[in-house]
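Asks:
There are 2 protein chains.
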Amino acid sequence: MDIPNLRWWGWGTLDQDYSLEGRPAFWPTLQKWLELPDEAIEHETLPVSLEEISLRPPRLDAPMLSSLRRLLGEETVRTDKRARVEHAYGKSYRDLIRVRAGHIPNPPDAVVYPADEGQIVALLAWAADRGVAIIPFGGGSSVLGGVEPEPGDRPTITLDLARLDHVLAVDPVSRTARIQAGATGPEVEAQLNAQGFTLGHFPQSFEFSTLGGWIATRSAGQNSIGYGKIEDMPQAVRGVTPVGIIETKNTPATAAGPSLLQLLIGSEGTYGVITEATMRIHPLPAVQDYRGILFHNLEDGVAAFRALMQNPDLHPAIVRLSDAPETAAYAVMGHEHHGLRRLADDLLGWYLKIRGYDLITGSTLMLLGFDGDAEWVTRQWDLALEICGDHRGLSLGRAVGRSWIRDRYAQPYLRDTLLGHGVMVDTLETATTWSNLMHLYRAMVSAMKGAIAATGGGPGYVMTHISHAYEHGASLYSTFLSRQTPDPDPLAKQAQWQAVKQATTDAILAAGGTLTHHHGIGRDHAPWLKEEIGPVGMKVLRTVKQTFDPTGIMNPGILLHS
Amino acid sequence: MDIPNLRWWGWGTLDQDYSLEGRPAFWPTLQKWLELPDEAIEHETLPVSLEEISLRPPRLDAPMLSSLRRLLGEETVRTDKRARVEHAYGKSYRDLIRVRAGHIPNPPDAVVYPADEGQIVALLAWAADRGVAIIPFGGGSSVLGGVEPEPGDRPTITLDLARLDHVLAVDPVSRTARIQAGATGPEVEAQLNAQGFTLGHFPQSFEFSTLGGWIATRSAGQNSIGYGKIEDMPQAVRGVTPVGIIETKNTPATAAGPSLLQLLIGSEGTYGVITEATMRIHPLPAVQDYRGILFHNLEDGVAAFRALMQNPDLHPAIVRLSDAPETAAYAVMGHEHHGLRRLADDLLGWYLKIRGYDLITGSTLMLLGFDGDAEWVTRQWDLALEICGDHRGLSLGRAVGRSWIRDRYAQPYLRDTLLGHGVMVDTLETATTWSNLMHLYRAMVSAMKGAIAATGGGPGYVMTHISHAYEHGASLYSTFLSRQTPDPDPLAKQAQWQAVKQATTDAILAAGGTLTHHHGIGRDHAPWLKEEIGPVGMKVLRTVKQTFDPTGIMNPGILLHS
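Listed in order, the protein sequences are those of chains A and B.
For the record, in the first sequence the residue sitting at position 555 is 554 according to numbering that gives the first Met the number 0, with numbers rising by one throughout.
For the record, in the second sequence the residue sitting at position 532 is 531 according to numbering that gives the first Met the number 0, with numbers rising by one throughout.
(1) Using beta carbons (cut-off 8 Å, strictly below), is E470/B in contact with chain D?
(2) Taking only three categories from DSSP, how would you classify Y112/A?
(3) On the CB-based measure, 16 or more other CB atoms within 10 Å of its CB, does K544/A come out buried or exposed?
(4) Take S91/B as the anchor and find which of Q493/B, T504/B, P549/B and Q234/B has the nearest alpha-carbon.
(5) Does the Cβ of D425/B have 16 or more other Cβ atoms within 10 Å, making it buried, or fewer, making it exposed?
(6) Can you name, in chain order, every residue of its own chain whose Cβ lies under 8 Å from the Cβ of I119/B, other than the five neighbours on each side?
(7) What would DSSP say about D14/B, mapped onto helix, strand or coil?
(8) Which residues, taken in chain order from the region 250-265 of chain B, show a beta carbon closer than 9 Å to some beta carbon of chain A?
(9) Run through the region 308-347 of chain A for me and flag every whole beta strand (DSSP E) of 3 or more residues, listed as ranges in chain order.
(10) Nearest to P534/A by alpha carbon, out of T247/B, N435/B, W403/B and D288/B?
(11) Contact criterion: CB-CB distance below 8 Å. Does L558/A meet it with respect to chain B?
(12) Compute the beta-carbon to beta-carbon distance between L95/A and S481/A, rounded to the nearest angstrom, for a pair I have assumed lies under 8 Å.
(13) Taking only beta-carbon positions, decide if G621/B is within less than 8 Å of chain A.
(14) Could you tell me the distance, in whole angstroms, from the CA atom of A473/B to the CA atom of L313/B?
(15) Indicate whether A254/B and G396/A have their beta-carbon atoms separated by less than 8 Å.
(16) When the cut-off is 8 Å and only beta carbons count, does L540/B lie next to chain A?
(17) Any Cβ of chain B within less than 8 Å of the Cβ of V543/A?
(18) So is the beta-carbon of S208/B under 7 Å away from any non-hydrogen atom of the ligand SAH?
(19) Taking the alpha helix (DSSP H) that R68/A belongs to, which residues open and close that run?
(20) Can you list, in chain order, the residues of its chain with a C-beta nearer than 8 Å to that of A285/B? Leave out the 5 residues immediately preceding and following it.
(21) Looking at the C-beta of P534/B, does it have a partner C-beta in chain A at a distance below 8 Å?
(22) Compare the C-alpha of R484/A against each of P526/A, H281/A, M423/A and L29/A and name the closest.
(23) Name the two residues that bound the continuous beta strand (DSSP E) containing M278/A.
(24) Using 8 Å as the threshold, is the C-beta distance between V110/B and R77/B below it?
(25) Anything in the region 365-379 of chain A with a Cβ closer than 8 Å to a Cβ of chain B? List those residues in chain order, please.
(26) Using 8 Å as the limit for Cβ to Cβ distance, is Q221/B near chain A?
(27) So is W433/A in contact with chain B if we call contact Cβ pairs under 8 Å?
(28) At least one CB of chain B closer than 8 Å to the CB of Q501/A: is that the case?
(29) Please go through the same chain and pick out, in chain order, the residues whose beta-carbon is closer than 8 Å to the beta-carbon of A398/A, but skip the five residues on each side of it.
(30) Work out the CA separation of G89/B and D457/B for me, nearest whole Å.
(31) Measuring alpha carbon to alpha carbon, tell me which residue in V166/B, G199/B, T197/B and L210/B is nearest T183/B.
(32) Does any C-beta atom of chain B lie closer than 8 Å to the C-beta of V187/A?
(33) Where in the region 418-474 of chain B do unbroken runs of the beta strand (DSSP E), each at least 3 residues long, occur, reported from the N-terminal end onward?
(34) Which whole-angstrom value describes the C-beta separation of L540/B and G536/A, a residue pair presumed to lie in contact below a C-beta threshold of 8 Å?
(35) On the CB-based measure, 16 or more other CB atoms within 10 Å of its CB, does I264/A come out buried or exposed?
(36) Kindly indicate the opening and closing residues of the beta strand (DSSP E) around F294/B.
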């Protein structure tokens, strides 16, 4: 039931890593940018070992546990340390600084792995009778505390959907597939690819996150421009709630009242457990052709990006535009034999300078890609290069694309390395209309930098990309890096992070951005939800929650404050 | 405030009509198909005159009326017969047989025309204090009883949004426009066209229906394939509810919890009054090139239709495929100088026969159209004709397209003529996946025919088109015509219609179709909503209603049974 070698204290599995070999400029550059002390570079702080961690005993007493085991079967219920630690947190910076320090005061009391929907129905009834909280858990990759037990005295069981991992049926005529909620990205794609289809959903967490988790949190994949955001993909959803099964009709569209489908999407396990969905799927593309385009500055890049999105003839799978700091980071810190770093070192670097581009202090890199058959992709590229050319974009060719594809799921591994060397790193994201985009960008970056400095984090480094775009607007995704506070207490580090989060989120909302474009609400964004949707919206979401879950057992404290 | 010359007893304005001149085969064919008695053809039953109608006095007493007038202004409040009659019903067959007979036992007690959102806030507070029901009213073109007062003793005010008819702001960069809910189709398009944009929403009711009505009922325009169904178009919605203003964030996408936007869309005035929306708009196309394509049978046509929708290179504005009976009706009953009728009479008719097509007994007509710039449209047509050719589709050229465009909003006018000659006529619509489409089609048509015969309506005539399609499925839209029961009592005619509605709707749901693809729920579909969304879904919608509208004043009895 478990993914072998899972790195309980960090990202992914032990057989994968973000290697810094071949990146000689990485640490020197980062040290300079963040003003890191020498000892942070030289000394790596390792996470505590599992043996060093001691957990509170499960708050489910022996009669309860044996009734649970009778209900679900012996092997379905786990209370061992490893299972409880692995399910105690998601994978945010806040989570990792706590888990690395062994600070786990509030783990779930048990973890259950139901074999089917019937067991979930039984479990929810059992839990409602006993006032036990249930946390639905997919890949556990939430970065907003979405799978963390609520503080307090209530016994809590994490419901891991790992065993519901099948593509149940493919309808090739209608291009839909019924898929179980616990299927991970690779499980979804492998089963669909075998029949010539793809879902096209590739979030950075792809290797570990699950269909149910994507739907529950309104996820967006890196190819959302081509395949849609997750809320566009389910044609129907089915779930178990404390008051019964809910299933929406499998229809491409309907006028039968307000959308229950779009009410379940984004409910983050607070209404019940999504068990399966009928997903819109697409033929597997023959060719993926991703390339880099360089622009003189962000304004040119954004103008080109908008022109690409508003051209009715163009259907890119992916467009990502990095601002100058992110472009510089790729150019300086990338692998010396790959991608932008290699181009920068090559003769091309010299050529770029003559043409007036500067990879370090102003130029912005766009990753642009098309999925489809060969001839179509060629025609799309012809048009795309013309449009980018109108905005002084220069094609850097496929090397940049290949490099990005190779590293597309790698960033979270790097974070584990950074955390060991006293670096604070996190991401915030939002979205807005095209006309408000640059205003929001400036407000967000400036709030982030100001907050980092105010927390004693030094100058910090903030880099942003624009992705997940639409005809009518786009998302912004900023990564910030800075010195951690030297205080070894994880709660001090958390407070430092919280200050940056708070200031940046306030700035995002003040500048007209949405609270979140694809990370969701969880526990960390919940305080701002009222500002996003207003008091009437909050009242409605509270009554919906109350209706699905009258005893309040489903993922308490998530989405809406409890 | 009123549209001049509005035909209170039928469709549209008195200066428009569906002329049968130039259609010599119309009545003889219809008489044969429906087995109409001679006197039905020869004799036209006219609607009663307004003078003959006597309405129940308004149930708002003088003090209430004067307090209302003080609140909103003298001219904003009407209680005259004309206003009350015009707002008593929507425009369904059931509505028209009643209004033509002067059967209006339950009109609204007053009609108000607020000047702005502030007046709506005041009105709702006033009404909630007094237990007065409020019916939001856009164009009044509901075909499901969506604007009809609830039977019972409660005083009822219809809130006509006619004065909120402005495009408030256009954002050309983001391609969005803030538009007031009471703007009709022509008002929306005229204001957007002046700035080079279009909303692209053209339902059959376009001339009279409103933005707010479209959003409240999950409408679909005839060009929904190109521009989306209405629920895809609002980037944000704002409304007044009895518990306060609700406004969703203007963002192209968000992960901030369940979608309140998609909860408001389709709420049919039962939560409150939609006052404005920020709509996604598009550049006005330079060219509209609509043509007819003929297929040997429905199976070929459906296969071609699906291939068009699943081709990533093709972006039609419109595709409508008529089954053989609908194709025959166009061919036989159309205007002798236009469209398919003219082609059938021309030499082309002879050519078609040789090629194995038969306009009367099997061939199916597709209307296919592209909106865009000239060169793009030419290339789209090249590809489209290739795909249609793969399924033995024969291009009939632009005459068919021109004829369809000329008549696109005319059908409802014809209905008034038919009603005067004892013909029952109504439409039902649904949607499903491509793989279930033919099964649903057969079930729907057969139920309709069986029910017509069972009500003594004779053989009847049922014709269907497939439109509003998607990569993953399509809608079905059936029109049925038959002899009315000879009983002059409108309630007898209503019972006859109800029997067909009941049998067909049961069959649609049993065959896996959705209860409605774009007409909405209103009063007529409400009994089936539970079958569509299940008991848990019903419970949730009821609590949402209760939260927005604790005293139950908003459009009672609509959507959810009261």
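By construction, the Cβ of each residue, glycine as well, lies at the ideal position given by its N, Cα and C atoms.
Replies: Reading from the atomic positions:
(1) Chain labels in this structure do not include chain D; the protein chains are A and B.
(2) Position 113 of the first sequence, counted from the start, is the residue given in the question as residue 112/A. The DSSP-derived three-state label of Y112/A is coil.
(3) Locating residue 544/A in the first sequence gives position 545, where the first residue counts as 1. Answer is buried; the Cβ neighbour count reaches 16.
(4) To locate residue 91/B, count along the second sequence from 1; it is residue 92. Ranking Q493/B, T504/B, P549/B and Q234/B by Cα distance to S91/B puts Q493/B first.
(5) Within the second sequence, the letter at position 426 stands for residue 425/B. With 16 or more Cβ atoms within 10 Å of its Cβ, D425/B is classed as buried.
(6) What you label residue 119/B is simply residue 120 of the second sequence in a count that begins at 1. Only P113, L158, V239, V272 and T274 meet the Cβ criterion.
(7) Position 15 of the second sequence, counted from the start, is the residue given in the question as residue 14/B. Per DSSP, reduced to three states, the secondary structure at D14/B is coil, with no helix or strand assignment.
(8) Contacts with chain A (Cβ-Cβ distance below 9 Å) from the region 250-265 of chain B involve T250, P251, A252, T253, A254, A255, G256, P257, S258, L259, L260, Q261, L262, L263, I264 and G265, listed in chain order.
(9) Runs of the beta strand (DSSP E) inside the region 308-347 of chain A: 317-321.
(10) Reading the first sequence from its first residue, position 535 is the one you call residue 534/A. Of T247/B, N435/B, W403/B and D288/B, the residue nearest in Cα terms is T247/B.
(11) Position 559 of the first sequence, counted from the start, is the residue given in the question as residue 558/A. It does; some Cβ of chain B falls within 8 Å.
(12) Translated into positions along the first sequence, residue 95/A becomes position 96. Translated into positions along the first sequence, residue 481/A becomes position 482. The Cβ separation is near 16 Å, so there is no contact.
(13) With chain B running from 0 to 561 in the structure shown, residue 621/B is simply not present.
(14) Residue 473/B sits at position 474 when you count from the first residue of the second sequence. Residue 313/B sits at position 314 when you count from the first residue of the second sequence. Approximately 16 Å between the Cα atoms of the pair.
(15) In the second sequence, residue 254/B corresponds to position 255, counting from 1. In the first sequence, residue 396/A corresponds to position 397, counting from 1. It is not a contact, given that the beta carbons lie outside the stated cut-off.
(16) Here residue 540/B is taken as the residue at index 541 of the second sequence, counted from 1. It does; some Cβ of chain A falls within 8 Å.
(17) Residue 543/A sits at position 544 when you count from the first residue of the first sequence. For V543/A, the nearest CB of chain B lies under 8 Å from its own CB, placing it at the interface with that chain.
(18) The ligand SAH is not part of the structure shown, which contains no ligands of any sort.
(19) Residue 68/A sits at position 69 when you count from the first residue of the first sequence. Per DSSP, the unbroken alpha helix (DSSP H) holding R68/A starts and ends at A61 to L71.
(20) Residue 285/B sits at position 286 when you count from the first residue of the second sequence. Within the same chain, Cβ atoms closer than 8 Å to the Cβ of A285/B are found at G371, D372 and A373, the five residues on either side in sequence being excluded.
(21) Reading the second sequence from its first residue, position 535 is the one you call residue 534/B. Using beta-carbon distances, P534/B counts as an interface residue toward chain A, with a partner under 8 Å.
(22) For the purposes of this step, residue 484/A is identified with residue 485 of the first sequence, where counting begins at 1. In the sequence on display, residue 484/A carries Thr and not Arg. The candidate whose alpha carbon is nearest that of T484/A is M423/A.
(23) On the first sequence, residue 278/A is found 279 positions in, with the first residue counted as 1. Counting along the chain, the beta strand (DSSP E) containing M278/A begins and ends at V272 to R279.
(24) Along the second sequence, read from residue 1 onward, the residue named residue 110/B stands at position 111. Along the second sequence, read from residue 1 onward, the residue named residue 77/B stands at position 78. Closer than 8 Å, so yes.
(25) Listed by position along the chain: G371 and W375.
(26) Against the second sequence, residue 221/B aligns to sequence position 222. False, the Cβ-Cβ gap to chain A never drops below 8 Å.
(27) In the first sequence, counting from the first residue as 1, residue 433/A sits at position 434. With 8 Å as the cut-off, W433/A counts as an interface residue toward chain B.
(28) The residue you call residue 501/A lines up with position 502 of the first sequence. Q501/A is outside the set of residues whose beta carbon lies under 8 Å from a beta carbon in chain B.
(29) Translated into positions along the first sequence, residue 398/A becomes position 399. Counting only Cβ-Cβ distances below 8 Å, and skipping sequence neighbours, we find G291, H337, G338, R341 and L342.
(30) If you number the second sequence from 1, residue 457/B lands on position 458. If you number the second sequence from 1, residue 89/B lands on position 90. First, the residue type needs correcting, since residue 457/B is Gly and not Asp in the sequence shown. Using only the alpha carbons, I get a separation of about 27 Å.
(31) The sequence position of residue 183/B within the second sequence is 184, counting from 1. Minimum Cα distance to T183/B is reached at L210/B.
(32) Numbered from its first residue, the first sequence carries residue 187/A at position 188. Taking Cβ atoms only, chain B never reaches closer than 8 Å to V187/A, which makes this a no.
(33) Assignment of beta strand (DSSP E) within the region 418-474 of chain B, counting only whole runs of 3 or more residues, yields 422-432 and 460-469 in chain order.
(34) Numbered from its first residue, the second sequence carries residue 540/B at position 541. Numbered from its first residue, the first sequence carries residue 536/A at position 537. By a beta-carbon distance limit of 8 Å, L540/B does not contact G536/A. Their separation comes to about 16 Å.
(35) Counting from 1 along the first sequence, the entry for residue 264/A is found at position 265. Counting Cβ neighbours within 10 Å, I264/A comes out buried, since at least 16 surround it.
(36) Within the second sequence, residue 294/B is the residue found at index 295, counting from 1. Residues V286 to F294.
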